[in-house]
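In terms of the working numbering, the sequence shown opens at residue 971 and continues consecutively. Using N, Cα and C, we set each Cβ at its ideal position, and we do this for glycine too. Only one structure is covered here, and it is reproduced in the block below.
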Amino acid sequence: MRFLLQLPPPVSFFIVSAITTFFALAGVYLVRKKYSADVLKENHEVAAIIFNAFGLFYGVMVAFVVFVTWSGYDEATKDLQLEASEALDIFHIAGAFPDPANKIIRQGLRDYVAAVYNDEVPRLSEGDISLYSGGAHTNLRTLFSQIDTPTLPNKELYAESLRCLNNLAQYRRLRIFAGNDTIPPVIWLVLLVGGLFAVSYTFFFGMKNIKTQYLLTTTLTVMISSILFLIYVLDHPFTGTSKVSLEPLRQAMATMQKQ
971 MRFLLQLPPP VSFFIVSAIT TFFALAGVYL VRKKYSADVL KENHEVAAII FNAFGLFYGV
1031 MVAFVVFVTW SGYDEATKDL QLEASEALDI FHIAGAFPDP ANKIIRQGLR DYVAAVYNDE
1091 VPRLSEGDIS LYSGGAHTNL RTLFSQIDTP TLPNKELYAE SLRCLNNLAQ YRRLRIFAGN
1151 DTIPPVIWLV LLVGGLFAVS YTFFFGMKNI KTQYLLTTTL TVMISSILFL IYVLDHPFTG
1211 TSKVSLEPLR QAMATMQKQ
């Protein structure tokens, strides 16, 4: 389903809703072809009680999953912003280092932000976390380790830059972990099966006006499929057209290039 994330949100949501609605309406048609409205009405009272109880439990679970995925999406956004902010802080601190350390560190930071923007984020969109143990941050740490600290006039400023470097590593790790699927397959199984049951219940309500039943089934199907696809989108914060904004990285790169 990843290709749907690359489409504009209205298009992807329409495709998901259209496909699921087609099968739902086909189910209503087949059931009503086999059973008349009068036969189905005999079970309305019991079916309504079960449907209400099931809808309550399913609704609570879906709401909880939406909350968790939205929180994860929000955390991924914050982690990226903080990562870009820490990179800028180190860049400005490095300006106080003597030559050639300041130029080397600043160029390393330019390379780091460019690598995150051009390499790491695109790889995260494909679910690749192999860059966790290496990547641009390792090169940046190497540059810091090569600085001749005894020659630095301000040891406190250097210590502050190391603290920012550690924070940068932390936000990078959080960003990498946030870019992966956070919902276990077993929860997806329960969500999908529950959605299937919820829609299938509407097949066995016998309304005299079949068009009204088609309309109600369509409404429920579109709502459930849209919410489930929303969960899928939020579970992939660095993929597709609805991904986390990379504007903080672009602004950081622009600021570093000016100096």
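Cβ-Cβ distance between residue i and residue j below 7 Å
i, j, result
"S1131", "F983", "no"
"T1187", "V998", "yes"
"T1209", "S1041", "no"
"K1058", "P1218", "For the record, residue 1058 in the displayed sequence is Leu; it is not Lys. Not closer than 7 Å, so no."
"E1252", "C1134", "Outside the displayed range of the chain (971 to 1229) lies residue 1252, so it cannot be described from this structure."
"G1164", "Y1005", "no"
"L1113", "I1075", "yes"
"N1214", "T1047", "The sequence shown places Val at residue 1214, rather than the Asn named in the question. Yes, Cβ-Cβ distance for V1214 and T1047 is below 7 Å."
"S1212", "P980", "no"
"M971", "R1080", "no"
"K1003", "G1176", "no"
Identity of the residue in the options nearest residue i by Cα
i, options, result
"G1149", "V1163, T1189, Y1202 and L1122", "Y1202"
"L990", "V1016, F1199 and E1090", "Here residue 990 turns out to be Thr, not Leu, going by the sequence shown. Residue F1199 is the option with its Cα nearest to T990."
"T1065", "N1124, D1081 and V1086", "For the record, residue 1065 in the displayed sequence is Gly; it is not Thr. The residue with the shortest Cα to Cα distance from G1065 is N1124."
"L1190", "M1177, A1023, K1181 and S1170", "S1170"
"L1110", "P1120, I985, R1093 and F1061", "F1061"
"M1223", "T1211, A1084, V1156 and P1120", "A1084"
"L1204", "V986, D1008 and F1037", "F1037"
"A996", "Y1184, P1155, R1093 and M971", "Y1184"
"V1030", "R1080, I1194 and S1212", "I1194"
"R1145", "Y1043, T1119, V1156 and V1035", "Y1043"
"A1033", "A1023, L1161, D1089 and R1220", "L1161"
"P1155", "F1021, V1035 and A988", "V1035"
"R1220", "N1088, F1021, V986 and A1018", "N1088"
"A1129", "K1228, L1166, P1068 and I1063", "I1063"
"I1020", "K1181, F1174, I985 and Q1229", "F1174"
"E1045", "K1073, I1157, F1147 and F1067", "F1147"
"D1069", "V1086, T1119, A1023 and N1022", "T1119"
"L1127", "K1073, F1067, I1180 and A1023", "F1067"
"R1143", "I1157, V1086, L1166 and I1180", "V1086"
"Q1229", "T1182, K1181 and K1073", "K1073"
Close Cβ partners of residue i (< 7 Å) along its chain, the five nearest in sequence each way excluded
i, result
"I1117", "A1071"
"Y1141", "D1049, L1052, E1053 and E1056"
"S987", "V1192, S1195 and S1196"
"I985", "L974"
Cβ neighbours of residue i in the same chain (closer than 8 Å, five flanking residues each side left out)
i, result
"L1159", "none"
"F993", "none"
The alpha helix (DSSP H) enclosing residue i, as first and last residue numbers
i, result
"V1214", "Per DSSP, V1214 belongs to no alpha helix (DSSP H) and is neither H nor E."
"S1115", "A1106 to S1115"
"K1073", "A1071 to A1085"
"K1178", "Taken as a continuous stretch (DSSP letters only), K1178 belongs to no alpha helix (DSSP H), as it is neither H nor E."
"N1136", "K1125 to A1148"
"I1157", "P1155 to Y1171"
"A994", "P979 to K1004"
"F973", "R972 to L975"
"P1092", "V1091 to L1094"
Same chain, Cβ closer than 6 Å to residue i, five either side skipped, listed in chain order
i, result
"A1139", "H1107"
"N1137", "E1056"
"Y1082", "A1106 and L1110"
CB-CB length for residue i against residue j, believed under 8 Å
i, j, result
"H1206", "L975", "6 Å"
"A1168", "G1078", "Between G1078 and A1168 the Cβ distance is about 54 Å, and since that is not below 8 Å, they are no contact."
"T1039", "T1172", "The pair is not a contact, with the Cβ atoms about 26 Å apart (cut-off 8 Å)."
"L1216", "V1016", "At roughly 54 Å, the Cβ-Cβ gap does not stay under 8 Å, so L1216 and V1016 are not in contact."
Interface flag, residue i vs chain B, CB-CB below 7 Å
i, result
"V1083", "Absent from the structure is chain B; it holds one protein chain and no more."
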